[in-house]
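Quick notes on the structure that follows.
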Amino acid sequence: MPGTTRTQVGIVGAGPAGLVLGRLLEREGIDAVVLEARSRDYVEHRLRAGVLEQGTADLLRALGVGDRMDREGLLHAGIELRFDGTGHRIPLADLTGGRHVMLYGQTEMVKDLIAARLESGAELRFEVEDVALHGLEGNAPSIGFRHEGVDHELRCDVVAGCDGFHGVSRGAVPADRLTVRSREYPFAWLGILADVAPSSEELVYTSHERGFALHSLRGPTKSRLYLQVDPGDDVEAWSDDRIWDELHLRMARDDDWVLHEGPVLEKGITPMRSFVAEPMRHGRLFLAGDAVHIVPPTGAKGLNLAVADVKVLGEALVAFLRGGDERGLDAYSATALRRVWRAEHFSWWMTSMLHQDPAAADDPFAVALQRAQLEYVCTSEAAATSLAENYVGLPWARRTLDAPMNRVPRRMREERG
Ligand SMILES: Cc1cc2nc3c(=O)[nH]c(=O)nc-3n(C[C@H](O)[C@H](O)[C@H](O)COP(=O)(O)OP(=O)(O)OC[C@H]3O[C@@H](n4cnc5c(N)ncnc54)[C@H](O)[C@@H]3O)c2cc1C
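Numbers in the working numbering are just positions in the sequence shown, counted from 1, shifted up by 38.
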């Protein structure tokens, strides 16, 4: 075949997972090729996540791609939970020993990673077509694809499937080797990007009888706002005026807080689902990020999970490709899944606490339970700390059940003197 080449790691997909993995390997002197189906322009402007856990931000810095994030991103020490017209601040940093989240758009992070890769001369091909994975169960897998009208075969030691939920990698695993667990939610998010300065310095998560609303930000001059809508809604049915009216209704606070309106630059509806396929490995194929798990966006975990996966995978690949040590690769799926399921639970829990389930609207018991949960999180340091440590992100190496906590909770220590 005219286009037969070789690399150590073939990476399918140039989203956060594929690009961070590529950068990690490049810094360790491991050869990799990143193949992306879309154009550079499309990938760099696809509006998605914006909350980086502290560990994600620290990793980007360590990989030498954190300078612009540190200049332009916004470090946040808290979030607000709002219900019944009152805001309740969850002081994330105070509750987690000083850990923060960084508000920096996924688009910006992707731009930084692409620029760094192209500058280093490491291979990254956009607009590849007909990607197909072969020989995954042996020691010499390959990726077939078409680029600029030429058929190629990329021979690799390992393939990293980082091609998102609709990519081809997960489908390359025989169905009887994957266990899928999933949940669909009876609502979706209508998201807008507005050309107006944020109305609040921190994110505001609002629970209202008409449905959830979220105020987020993208820098000092842009606001990102979301509304819970019906998953069957057509975005065209939501005029800008209707969106602002609904945001005003749901986010109203009893004091002088004002929601600033501005031109709507973008809007779209995103379905909400939870999804995990296990294991995250099939032979020499390693799946990472949205290719293998999805969370509803309420916990701001999707992008961070993708990065956490490839941090674990990258280190395992370095040990394998440098010294033939396979232990990290063998442990990859189990290690990553522990974090994945923690994030799945947190995202489901935040979603359930803050959204209105249409099926539960006539169930006073369900409504009272939800209210009790909200009040608990806003009044108990223990409950708020649990939210905070999940939100800012748990340590990369999670405690396992065979290494139990031996700590006495702080309040009990104080009581004992
Ligand atoms: C509309 C939307 C809004 C979101 N909002 C939030 C949010 O507010 N907060 C949050 O935490 N998370 C959010 N997420 C989730 C978050 O953006 C994802 O979890 C994150 O992008 C996962 O990164 P990834 O690299 O695994 O996958 P992706 O970002 O999906 O990247 C996969 C890449 O693979 C490419 N690809 C696909 N098929 C092929 C192929 N056959 N060959 C080659 N390349 C291919 C795709 O074009 C893409 O560039 C949102 C997701 C969506 C879809």
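Where a beta carbon is used, it is the ideal one built from N, C-alpha and C, also for glycine.
So if DSSP puts residue i in a beta bridge, which residue, or which two residues, is it bridged to?
{"i": "residue 312", "result": "221"}
{"i": "residue 189", "result": "184"}
{"i": "residue 227", "result": "266, 308"}
{"i": "residue 367", "result": "Note: residue 367 sits in no beta bridge, so no partner."}
{"i": "residue 254", "result": "262"}
{"i": "residue 48", "result": "71, 197"}
{"i": "residue 286", "result": "Bridge partners of residue 286: none, in fact."}
{"i": "residue 172", "result": "180"}
{"i": "residue 119", "result": "126, 243"}
{"i": "residue 163", "result": "73"}
{"i": "residue 232", "result": "261, 302"}
{"i": "residue 41", "result": "190"}
{"i": "residue 332", "result": "313"}
{"i": "residue 90", "result": "140"}
{"i": "residue 114", "result": "139"}
{"i": "residue 319", "result": "324"}
Between residue i and residue j, how many whole angstroms is the CB-CB distance? I'm expecting something under 8 Å.
{"i": "residue 72", "j": "residue 56", "result": "5 Å"}
{"i": "residue 281", "j": "residue 332", "result": "Contact flag wrong, Cβ pair sits at about 25 Å."}
{"i": "residue 327", "j": "residue 388", "result": "Incorrect: roughly 20 Å between the Cβ atoms, too far for contact."}
{"i": "residue 183", "j": "residue 169", "result": "5 Å"}
{"i": "residue 302", "j": "residue 237", "result": "Not a contact, Cβ separation roughly 15 Å."}
{"i": "residue 263", "j": "residue 232", "result": "6 Å"}
{"i": "residue 171", "j": "residue 213", "result": "Their Cβ separation, rounded to whole angstroms, is 15 Å, which puts residue 171 and residue 213 out of contact at 8 Å."}
{"i": "residue 430", "j": "residue 137", "result": "4 Å"}
{"i": "residue 118", "j": "residue 242", "result": "5 Å"}
{"i": "residue 34", "j": "residue 244", "result": "Because the chain here runs from 39 to 455, residue 34 falls outside it and cannot be looked at."}
{"i": "residue 70", "j": "residue 60", "result": "5 Å"}
{"i": "residue 187", "j": "residue 154", "result": "That belief does not hold up - the Cβ atoms of residue 187 and residue 154 are roughly 29 Å apart, past 8 Å."}
{"i": "residue 196", "j": "residue 181", "result": "Actually they are not in contact, since the Cβ atoms of residue 196 and residue 181 sit about 11 Å apart, beyond 8 Å."}
{"i": "residue 375", "j": "residue 318", "result": "7 Å"}
Compare the Cα-Cα distances from residue i to each of the options and report the closest residue.
{"i": "residue 216", "options": "323, 201, 345, 225", "result": "323"}
{"i": "residue 47", "options": "355, 236, 432", "result": "355"}
{"i": "residue 370", "options": "139, 59, 348, 261", "result": "348"}
{"i": "residue 116", "options": "99, 95, 210, 139", "result": "139"}
{"i": "residue 134", "options": "50, 170, 427", "result": "427"}
{"i": "residue 164", "options": "304, 339, 78", "result": "78"}
{"i": "residue 166", "options": "419, 407, 50", "result": "50"}
{"i": "residue 339", "options": "384, 309, 105", "result": "384"}
{"i": "residue 227", "options": "146, 252, 412", "result": "252"}
{"i": "residue 406", "options": "189, 419, 390", "result": "390"}
{"i": "residue 235", "options": "83, 260, 225", "result": "260"}
{"i": "residue 224", "options": "193, 181, 100, 270", "result": "270"}
{"i": "residue 256", "options": "268, 239, 246", "result": "239"}
{"i": "residue 64", "options": "109, 156, 304, 202", "result": "156"}
{"i": "residue 220", "options": "378, 410, 400, 409", "result": "378"}
{"i": "residue 411", "options": "402, 362, 392", "result": "392"}
{"i": "residue 114", "options": "413, 375, 254", "result": "254"}
{"i": "residue 299", "options": "278, 181, 317", "result": "278"}
{"i": "residue 67", "options": "160, 402, 181", "result": "160"}
{"i": "residue 112", "options": "97, 88, 130", "result": "88"}
{"i": "residue 185", "options": "162, 201, 360", "result": "162"}
Looking only at its chain, what residues have a beta carbon closer than 7 Å to the beta carbon of residue i, apart from the 5 residues adjacent to it on each side?
{"i": "residue 123", "result": "290, 291, 292"}
{"i": "residue 373", "result": "350"}
{"i": "residue 208", "result": "199, 315, 325, 329, 330"}
{"i": "residue 425", "result": "128, 415"}
{"i": "residue 222", "result": "311"}
{"i": "residue 82", "result": "145, 148, 149, 152"}
{"i": "residue 285", "result": "251, 263, 265, 297"}
Suppose the cutoff is 6 Å on Cβ atoms and the five residues either side in sequence are ignored; what does the same chain contact list for residue i look like?
{"i": "residue 394", "result": "249"}
{"i": "residue 90", "result": "140, 142"}
{"i": "residue 94", "result": "342, 345"}
{"i": "residue 86", "result": "144"}
{"i": "residue 62", "result": "352"}
{"i": "residue 190", "result": "41, 183"}
{"i": "residue 364", "result": "358"}
{"i": "residue 423", "result": "133"}
{"i": "residue 433", "result": "none"}
{"i": "residue 246", "result": "288"}
{"i": "residue 58", "result": "345, 348"}
{"i": "residue 193", "result": "44, 180"}
In chain order, what residues of the same chain lie with their CB nearer than 8 Å to the CB of residue i, ignoring the 5 residues before and after it?
{"i": "residue 321", "result": "174, 175, 176, 179"}
{"i": "residue 106", "result": "146, 150"}
{"i": "residue 125", "result": "118, 119, 242, 291, 295"}
{"i": "residue 421", "result": "414, 415"}
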